[in-house]
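So the number in this note's numbering is just where the residue sits in the sequence shown, counting from 1, plus 206. Since the structure comes first, as structure tokens, the remarks are kept for the end.
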Amino acid sequence: MQGRLSPAIEGEELDSSRSAVLVTGGAGFIGSNFVLRRMSERQTSVIVLDKLTYAGNLENLSSVAQDERCRFVRGDIMDGALVRRLLDEHRPQAVLHFAAESHVDRSILGPEEFIRTNIEGTFHLLEAVRGYWLKLTAQEQAAFRFLHVSTDEVYGSLSPTDPAFTEETPYAPNSPYSASKASSDHLVRAYHHTYGLPVLTTNCSNNYGPRQFPEKLIPLMMLNALKGLSLPVYGDGLNVRDWLYVDDHCDGIQTVLDRGIPGQTYNIGGRQEMTNLELVRQVCAILDELKPTQKSYADLITFVKDRPGHDRRYAMDISKIERELGWKPRETFVGGLRKTIEWYLNNLEWVEHVTSGAYRDWIHLQYTSTNPAGTVQL
Ligand code: NAD
Ligand code: TYD
């Protein structure tokens, strides 16, 4: 199915002086933040290919809906014929691959879609891109990039005293999600090693910011709190994550695209390690200030059954991207968290739209049936 955001007509040439990029998963959380940022900063055209799963939402791109440089195509990265057609038609200078199933808890309850999209989907996408790349002139081939967006979770779990993950840390993925992402990273690597495709891979820590689907920790906690529902913290709440504001991640991806060396991987992170409990308390403290009630929102914190195989700690050593490409995170955690919470408070209609019936079913499955201690009502 072909949907369009812009008035541009399918098949009509986009202005070739503004070379295009193809963005998969551009209607999701990070992909949409990337598209909006890129379009505000550069003249280039963007073709978004997105299947619009429960996590993809065209409303995320509404601010560029009338911009003729943006074209939206609803489709699956598994669909090689569609991807080949888009590549031949728009002749992008880069493909940025965000599309994935991205939620660990969903991968535990139903891994199959993760294998399909994250592994098979990436394979079919790589095949289509390789065919396109082979037809380019030598100069175009040298300028072309395939940038694969991946995660720190491929490296496994750290103890509290372990040094942070570097690009040399051996892969040890623990969940079906991280195993599927690790597999896709290996495929991307192999396409460089075997076929010479100019690929770049970024491995990033936990993101937060506007437009994140409310199943993820920060939006889930703040939206539950606003409804007076319990705040379900898994296990003892002492698992540590390294948080990065989404805009900094998008800037890191753009930096790697502009200056990264083909075949290399780059860790991206925020140097903001924190336990889940600490983080949830910070969310509550900001809400206490912005939306005060008689009691503190922190009173709603409830410890629930732990996630199976729950990774204890992630931490990223980002010295390579800092040293070689001059990128570093700009946003402080306190500043980024406040901006994020304010965005959700100002966009409750967006929340209403994305939390459809299917999402309610998921919440019931995750927090009620399998996790009676963490009952959350809707
Ligand atoms: P998301 O779940 O919000 O968005 C994923 C998007 O991909 C959605 O728009 C969805 O419709 C689309 N999609 C899913 N399957 C598809 C398919 N088969 N064909 C085409 N489109 C499909 O995810 P996100 O949080 O924006 O993550 C984007 C990427 O960044 C993922 O690859 C993820 O692994 C990686 N990543 C995420 C984080 C994080 O904290 N969210 C951290 C590091 C890396
Ligand atoms: P999540 O946002 O799912 O990201 P990831 O698992 O990819 O790191 O979860 C972040 C952390 O928060 C993780 O340690 C699991 C924990 N968590 C809870 O304690 N309760 C919840 O309801 C959710 C969704 C996550």
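From the three backbone atoms N, C-alpha and C, an ideal C-beta is built for every residue, glycine too. Only a predicted model underlies this, so the values are computations on that prediction, with no experimental measurement involved.
CA-to-CA distance, residue j to residue i, given in whole angstroms
i, j, result
"GLU265", "THR367", "42 Å"
"VAL394", "LYS497", "46 Å"
"ALA300", "THR499", "49 Å"
"LEU255", "GLY327", "13 Å"
"THR372", "ILE314", "26 Å"
"LEU267", "LEU364", "37 Å"
"ASN413", "LEU450", "5 Å"
"GLU359", "SER411", "8 Å"
"GLU295", "ALA431", "47 Å"
"VAL355", "THR230", "10 Å"
"MET245", "SER251", "8 Å"
"VAL510", "TYR383", "21 Å"
"THR538", "LEU340", "43 Å"
"ASN553", "LEU342", "44 Å"
Local conformation of residue i per DSSP, three classes
i, result
"TYR565", "helix"
"TRP533", "coil"
"HIS570", "helix"
"MET284", "coil"
"ARG477", "coil"
"SER389", "helix"
"PRO425", "helix"
"HIS296", "helix"
"ILE467", "coil"
"ASP256", "strand"
"TYR520", "coil"
"ARG351", "strand"
"PRO366", "coil"
"ASN552", "helix"
"ASN380", "coil"
"ALA579", "Note that ALA579 scores a pLDDT of 40, beneath 50, so its modelled location is shaky and nothing firm can be said."
With 16 other Cβ atoms within 10 Å as the buried cut-off, status of residue i
i, result
"LEU415", "According to the sequence as given, residue 415 is Gly; it is not Leu. GLY415 is buried by the Cβ-count criterion."
"GLU421", "buried"
"VAL540", "exposed"
"GLY194", "This structure leaves residue 194 out entirely; the chain is present only between 207 and 584."
"ILE424", "buried"
"ASP448", "buried"
"GLY316", "exposed"
"ASP464", "exposed"
"SER390", "buried"
"THR400", "exposed"
"ASP567", "exposed"
"PRO535", "buried"
"GLU307", "buried"
"ASN473", "buried"
Own chain partners of residue i with C-beta closer than 7 Å, once the 5 adjacent residues on each side are dropped
i, result
"ARG544", "ILE492"
"ILE321", "SER386"
"ARG243", "ASP453, CYS456"
"LEU483", "VAL439, GLY443, LEU444"
Contact set for residue i: own chain, Cβ-Cβ below 6 Å, skip 5 residues either direction
i, result
"GLN345", "none"
"ARG513", "TYR440"
"VAL560", "ASN263"
"TRP533", "GLY458, THR461, ILE527"
Same chain, Cβ closer than 8 Å to residue i, neighbours up to 5 away in sequence not counted
i, result
"THR481", "GLY443, LEU444, ASN445, VAL446"
"ALA233", "VAL254, ASP256, LEU258, GLY262, ASN263, LEU264, ASN266, LEU267, PHE278"
"SER562", "TYR260"
Contact belief for residue i with residue j at Cβ below 8 Å, rounded distance in angstroms
i, j, result
"ALA388", "TYR377", "5 Å"
"ALA226", "VAL289", "With a Cβ gap of about 14 Å, ALA226 and VAL289 do not count as contacting."
"ASP517", "ASN409", "In fact, because the Cβ distance is near 14 Å, the residues do not count as touching under 8 Å."
"PHE304", "VAL452", "PHE304 to VAL452, Cβ: 12 Å. No contact."
"GLN478", "LEU406", "Going by Cβ atoms, the distance from GLN478 to LEU406 rounds to 24 Å, so no, they are not a contact pair."
"MET522", "GLY466", "That pair is no contact at about 16 Å."
CB contact below 8 Å: residue i versus chain C
i, result
"ASN412", "Here there is only one protein chain, and chain C is not present."
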